[in-house]
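So for the sequence shown, my numbering puts the first residue at 1; every next one is plus one.
In what follows, a structure is listed as structure tokens, so that the remarks can point back to it.
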Amino acid sequence: MQTNLFQTNEELYREAKVNDPNHVATPRFVVECIYNIIGIKEFKNIWFPFDNYDSEFKLRADELNLKYLATHIFDDLGNDFFKTLPPTGCELLISNPPFGEQNKIIERTFYLADSGKIKSFALLLPLSTLETLTRANMYEEHVNGLSIGIFKKRIKFKNCKGTFNKGCCWVCYNIPALENKKLWWI
């Protein structure tokens, strides 16, 4: 991506939407579905670490009058997930993170939960995220609070070049509404 020194962060974001294969937007129905399943209104302090400007997570939260902090590498502060701390008292981290960095994202998210910086999380990830020894070990270590929701159909993501349909799942941790629901289908 070629950058102009005078571009605003929002302009850089709009450019990345077109050129960055890791930037795909979550469809509205996916956001509405998980909000209903986890009882989003029960969470008083929410963090959207990969969402800004036109994110459906943020737009729907505004409609529901939820208290949240939306951050993104392209926001005015350049909030990098790996360097940014969640808001104090964060009850829920929820987002569709870049699939290309899923190992690091999952690892840091569990770290944030283990260290008490967040209470729970819900990450929209490709089904393949359930594979590999590295991720399996992370999930096994946290199995007591883990809940996996698998989509019955592939999701057609928005704002991407060509076709981007993925088999996906929600990897959730310490979500009270899912306490007795370890594996479920959407």
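Where is the CB? At the ideal position from N, CA and C, for every residue including glycine.
Remember, predicted model here, so these are calculated numbers, not experimental data.
Pair within 8 Å by beta-carbon distance, residue 27 and residue 93 | In this structure, residue 27 sits away from residue 93, with a CB-CB distance that is not shorter than 8 Å.
Helix, strand or coil for residue 143, going by three-state DSSP, please let me know.
-> Judged by DSSP in its simplified three-state form, residue 143 adopts helix.
Would the beta-carbon of residue 45 fall within 8 Å of that of residue 90?
-> In this structure, residue 90 lies closer than 8 Å to residue 45 by Cβ.
If you draw a straight line from the C-alpha of residue 181 to the C-alpha of residue 33, how long is it?
-> Each residue's alpha carbon lies about 16 Å from the other.
Verify whether the separation of the beta carbon atoms of residue 171 and residue 112 is less than 8 Å.
-> No. Outside cutoff.
Residue 146 to residue 131, Cα distance in whole Å?
-> Going by the C-alpha atoms only, they are around 15 Å apart.
Nearest candidate by alpha-carbon position, reference residue 66, set 47, 29 and 184 | Taking only the C-alpha atoms, the option nearest residue 66 is 47.
Consider the C-beta atom of residue 120 and the heavy atoms of the ligand SAH; say whether any pair is separated by less than 7 Å.
-> Within the structure as shown, the ligand SAH is missing, as the structure has no ligands at all.
Pairwise C-alpha distance: residue 105 and residue 29 = Residue 29 and residue 105 have their C-alpha atoms spaced approximately 24 Å apart.
In angstroms with no decimal places, state the Cα-to-Cα distance between residue 127 and residue 168.
-> One C-alpha to the other measures close to 5 Å.
Pull up the DSSP beta-bridge partners for residue 90, would you.
-> Its beta-bridge partners are 118.
Measure the Cβ-Cβ separation of residue 70 and residue 83 and say whether it is below 8 Å.
-> The answer is no: Cβ separation not under 8 Å.
Beta strand (DSSP E) segments (min. 3 residues) lying fully within the stretch 18-54 = The stretch 18-54 contains these whole beta strand (DSSP E) runs: 46-48.
For residue 185 versus residue 152, is the C-beta distance shorter than 8 Å?
-> Against a cut-off of 8 Å, the Cβ pair of residue 152 and residue 185 comes out as a contact.
Is it buried or exposed for residue 156, if we count other Cβ within 10 angstroms and need 16 for buried?
-> With fewer than 16 Cβ atoms within 10 Å of its Cβ, residue 156 is classed as exposed.
Can you give the Cα-Cα distance for residue 175 and residue 97, rounded to whole angstroms?
-> C-alpha separation (whole angstroms): 18 Å.
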